[in-house]
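Chains as they are written, first to last, in the numbering used here: chain A, 10 to 174; chain B, 3 to 129.
Glycine residues also receive a C-beta, built at the ideal position from the N, C-alpha and C atoms.
Predicted, not measured: the structure shown is a model, and the values here were computed from it.
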Amino acid sequence: MIKKLAAIIVLVSATPLLAVDSPIGGVVQPKCSVWTDISGVYGHPLPYKLSTLPADGGVLASIRYDIAQADYYKAKITHPNSFSSSPTLSDAVAWTGSSIVGQVSVTEMSAYEAAKVTYNNVTEFDMTLAGSTWFTVSSTASYGNTKSLPAGSYTAMIKAECIAK
Amino acid sequence: MYSKVILFLGLLASQAYAHEMTPTYPELNPSYIDGVSVANMKLFNRRSDVEYYKIEVLTNDWKPLPFASTSKVINIKYSKSKLFSVYIRTEDVEKAVYICTESKVFKGANQVTLISSRICSKIKQSE
């Protein structure tokens, strides 16, 4: 009986020791993640044309930028102006393309589209808000003066950059 | 039944690959080598289609500067992070503005657009 009582006293007295404060630490630092959600695919609607537009049988590329803290980064997207691999081409290729704001996690991010800066084949977006932004990139290549593209594999590169301000 | 199909399609659509690098504003500190400063960086590869990342040190005009690291192209497996140090000569410290990593993409399949990602951190300038 005394032994049991002693054991209970020891256990009860030990209990407050288990209730020590245990702080959880963490640091949130500015961070940018570039997510390649969908790689584009070229459709071949006409003998001389490759296009990622859905109307041409292609698939648009989608790139997501996750920004952990507002106003630390700018996004720079370069749509292709040459093939990174293709069969030998004897004539010039005319390139067009665009990068536009797609889905947004914060409604105000829609304003990125109006504020974007475009030059050559580059589009820059100022990432002034924290959250996720999806950018849709299109690319079209037209060969020669409506010449047929030679058979083979064609790949082109989109460059998605996240640059600290 | 339809809800399972929708869930499956949702999972397929959310399959994505990311490239991350921290810190955003690295500091250059004196290294154990005289006349050389060092910045410590961390790269996280969540792109299953990429295993190699190229390191670059650039000026404000995006011109490359000489630097040393364990390797100028880092091999990093999918879903792994890697710490790396960038050594810059003290005489170049004022010119060095960006430390960037760029994914090296393999040639892809038929008629696709490949996406190359590049993240640039801005070196914190001492006051």
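Is the Cβ of residue i closer than 8 Å to any Cβ of chain A?
| i | result |
| --- | --- |
| B/Leu116 | yes |
| B/Arg120 | yes |
| B/Thr61 | no |
| B/Arg49 | yes |
| B/Lys82 | no |
| B/Glu58 | no |
| B/Tyr27 | yes |
| B/Ser123 | yes |
| B/Ala20 | yes |
| B/Thr92 | no |
| B/Thr103 | no |
| B/Thr24 | yes |
| B/Glu53 | no |
Label residue i either buried or exposed according to how many other C-beta atoms from any shown protein chain fall within 10 Å of its C-beta, with 16 as the threshold for buried.
| i | result |
| --- | --- |
| B/Phe108 | exposed |
| B/Tyr80 | exposed |
| A/Lys40 | buried |
| A/Gly52 | buried |
| B/Pro28 | buried |
| B/Asn47 | buried |
| A/Lys168 | buried |
| A/Gly67 | buried |
| A/Thr3 | Since the first and last residues shown for chain A are 10 and 174, residue 3 of chain A lies out of range. |
| A/Ile33 | exposed |
| A/Ser108 | buried |
| B/Leu14 | A caution first: B/Leu14 carries a pLDDT of 39, below 50, which makes its placement in the model unreliable, though a value can still be read off. Its Cβ having fewer than 16 others within 10 Å, B/Leu14 is exposed. |
| B/Ala41 | buried |
Determine the extent of the alpha helix (DSSP H) in which residue i is found, giving its start and end residues.
| i | result |
| --- | --- |
| A/Glu122 | 120 to 124 |
Determine, for residue i, whether the minimum Cβ-Cβ distance to residues of chain B falls below 8 Å.
| i | result |
| --- | --- |
| A/Tyr128 | no |
| A/Ile109 | no |
| A/Glu170 | yes |
| A/Met136 | no |
| A/Thr45 | yes |
| A/Ile167 | yes |
| A/Ala173 | yes |
| A/Ala160 | no |
| A/Tyr152 | no |
| A/Ser42 | yes |
| A/Val50 | yes |
For the beta strand (DSSP E) holding residue i, just list the boundary residues, first then last.
| i | result |
| --- | --- |
| B/Phe46 | 38 to 48 |
| B/Leu60 | 54 to 60 |
| A/Val59 | In the sequence as displayed, the identity of residue 59 of chain A is Leu instead of Val. Here the beta strand (DSSP E) through A/Leu59 covers 58 to 60. |
| A/Asp75 | 70 to 76 |
| B/His21 | 19 to 24 |
| A/Asp46 | 41 to 47 |
| A/Thr142 | 140 to 152 |
| A/Gly52 | 52 to 55 |
| B/Glu104 | 100 to 106 |
| B/Asn77 | 75 to 77 |
| A/Asp135 | 131 to 136 |
| A/Phe92 | 92 to 94 |
Report the residue from the options whose alpha carbon sits nearest the alpha carbon of residue i.
| i | options | result |
| --- | --- | --- |
| B/Val99 | B/Asp36, B/Asp51, B/Lys126, B/Thr24 | B/Lys126 |
| A/Ser141 | A/Phe92, A/Ala64, A/Ile72 | A/Ile72 |
| B/Leu116 | A/Ser147, A/Lys13, A/Lys58 | A/Ser147 |
| A/Asn129 | A/Tyr152, A/Thr145, A/Tyr121, A/Ser91 | A/Ser91 |
| A/Pro56 | A/Ala169, A/Cys171, A/Tyr81, A/Pro159 | A/Pro159 |
| B/Lys84 | B/Thr92, B/Thr72, B/Glu93 | B/Thr72 |
| A/Ala77 | A/Ser42, A/Tyr152, A/Ala70, A/Thr155 | A/Ser42 |
| B/Ile35 | B/Lys44, B/Arg91, B/Tyr55, B/Pro25 | B/Arg91 |
| A/Ala150 | A/Val36, A/Ser93, A/Gln38, A/Ile47 | A/Ser93 |
| A/Thr164 | A/Val36, A/Ser31, A/His88 | A/His88 |
| A/Ala139 | A/Lys125, A/Tyr74, A/Ile172, A/Thr132 | A/Tyr74 |
| B/His21 | B/Gly37, B/Leu60, B/Asp51, B/Asp94 | B/Asp51 |
| A/Thr155 | A/Thr132, A/Thr145, A/Glu122, A/Val102 | A/Val102 |
| A/Gly49 | A/Gly35, A/Ala120, A/Phe144, A/Lys83 | A/Phe144 |
| B/Tyr54 | B/Lys124, B/Arg120, B/Ser128 | B/Arg120 |
Considering only DSSP beta bridges, list what residue i is partnered with.
| i | result |
| --- | --- |
| A/Val222 | The structure shown does not extend to residue 222 of chain A, since chain A is modelled only from 10 through 174, so no value can be given for it. |
| A/Glu170 | A/Lys85, B/Arg120 |
| B/Glu29 | B/Lys126 |
| B/Lys82 | B/Asn47 |
| A/Ile109 | A/Thr145 |
| B/Ile90 | B/Ser39 |
| A/Trp104 | A/Ala150 |
| A/Thr127 | A/Thr132 |
Please confirm whether any heavy atom of the ligand SAM lies closer than 7 Å to the CB of residue i.
| i | result |
| --- | --- |
| B/Val107 | With respect to the ligand SAM, the structure offers nothing, as it holds no ligand at all. |
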